[in-house]
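Below: the structure, in structure tokens.
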Amino acid sequence: IENQAAADVLLFQLATENANADCQRAIDPIRNWAKTITDLLKAYQNVGSEQHKAEMLAAALAHQMVVARAAVKCFSCGQEGHIKKDCPKNRNQGKTGAATQLCPGCNKGYHWRNQYRSKFDKQGNPILGNKKRGARPGAPKTQNRVNQPVMY
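First residue of the sequence shown: 2, per the numbering used here; consecutive thereafter.
Here is the structure:
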């Protein structure tokens, strides 16, 4: 092409339309304001670098996480998009307020099991267990040994 302006326009059009997928993604943000081939070359220079590959991988993984999060189904209400722990219907049902049932440990009052201090239940029987004090289940036990005579 003898006309330099027409050759520049044709070269610019070929550079944008025939670019591979990575280059297409690199020039998408500047497609509207890039007017010369040098603008495109500046956008293409990072394609194929380790930084560019890392950015592309991060974008793909972020998209997968959003898709995976949307496919999760709540076991409490049955809706998709959240799990039971984050269910909006169960937000006000925490153990912060008063209990709605009798305590399963002492059957005396409306409190949580970890809040009662009584040593006896409703019938007067002792409540077994040492709560948070004393030996743990896996603690070693001492054994009483009878001193045996030592023979010399």
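Built from N, CA and C at the ideal position, the CB exists for glycine as well.
Fewer than three pairs of CB atoms, one per stretch, sit closer than 8 Å, so the region 74 to 85 makes no contact with the region 47 to 58. Restricted to the region 7 to 92, the alpha helix (DSSP H) segments that are unbroken, complete and at least 4 residues in length are 22 to 28, 38 to 45, 51 to 71, listed in chain order. Nearest Cα to Gln5 within the set His64, Thr37, Ala72: Thr37. Only residues of its own chain outside the window of five on either side were considered, and among them Asp122, Lys123 have a CB closer than 8 Å to the CB of Asn108, listed in chain order. Taking 8 Å as the cut-off, the Cβ atoms of Pro105 and Arg118 do not count as close. Contact annotation: Leu42 and Thr17 have beta-carbon atoms that are not nearer than 8 Å.
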